[in-house]
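Residue numbers (full-length UniProt numbering): 1 to 212.
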């Protein structure tokens with residue numbers, strides 16, 4: 001069985017576990033702290049890592065998800081090399097927005113919030129243009145792009161739930177997309193049972209968003 005080691009709060013961890021759940025791949029989780037073996041095992045010192053059944057250590061979330069997509073069946077498979085490249089590009093574009101979103105949510109005052117939001121908003125503008133009226137990014141089938149953006153859509157949902165602040169209020173296509181993704185029956189299984197509590201404590205305590 002595959003083993004995932006990561007921090008609870010890490011969006012890259014949720015990216016990997018979402019891919020595992022979407023493909024119905026059995027896995028176990030070990031939550032990391034600063035005293036366990038994660039930093040000794042991970043070549044780049046970052047979470048998450050996946051230990052395969054052959055005891056191979058995989059690192060870098062994009063590389064891990066790419067491995068899972070190729071190794072296990074299921075999911076939308078592009079028909080042309082161009083579509084393959086586009087799918088991977090939009091998925092990787094999504095994972096590159098984790099840090100801008102996290103920085104926005106961690107902002108302690110309005111000035112810092114606006115600075116980070118300006119960066120994150122550019123990505124949302126780009127995605128709003130790409131999304132149509134379909135259920136998911138490439139139509140009615142779930143794809144790696146939806147999985148890559150799932151942590152972003154989920155975290156924005158938690159922010160709105162706790163504070164009333166809707167990150168997607170000016171992005172109707174993304175808002176509709178968020179609604180579709182949030183209906184995935186296994187979504188809450190991509191994070192720890194106490195994730196909402198951990199999230200609120202980390203992002204919505206003594207931050208700008210905690211006071212909006």
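Where is the CB? At the ideal position from N, CA and C, for every residue including glycine.
The model shown is predicted, which means the values in this text are computed figures rather than measured ones.
- Where residue 31 is concerned, the enclosing beta strand (DSSP E) starts and stops at 27-31.
- In this structure, 105 is the residue among 105, 116, 46, 159 with its C-alpha nearest to the C-alpha of residue 207.
- Judged by pairs of C-beta atoms under 8 Å, the stretch 176-188 does not touch the stretch 3-12, as fewer than three such pairs exist.
- The shortest CA-to-CA distance from residue 150 to any of 137, 162, 161 is the one to 137.
- Non-local C-beta neighbours of residue 88 in its own chain, meaning closer than 8 Å and more than five positions away in sequence, comprise 66, 144, ordered along the chain.
- Residue 134 and residue 140 have their C-alpha atoms roughly 6 Å apart.
- Judged by their CB atoms, residue 162 and residue 124 are not nearer to each other than the 7 Å cut-off.
- In the same chain as residue 148, and ignoring 5 residues on each side of it, the C-beta atoms closer than 7 Å to its own belong to 15, 91, 94, 95, in chain order.
- By the C-beta density criterion, residue 212 is exposed, having fewer than 16 other C-beta atoms within 10 angstroms.
- Pairing residue 23 with residue 74 gives a Cβ-Cβ distance under 7 Å.
- Residue state for residue 204 is assigned as coil, using DSSP reduced to three classes.
- Excluding sequence positions up to five before and after residue 43, its CB lies within less than 7 Å of the CB of 59, all in the same chain and listed in chain order.
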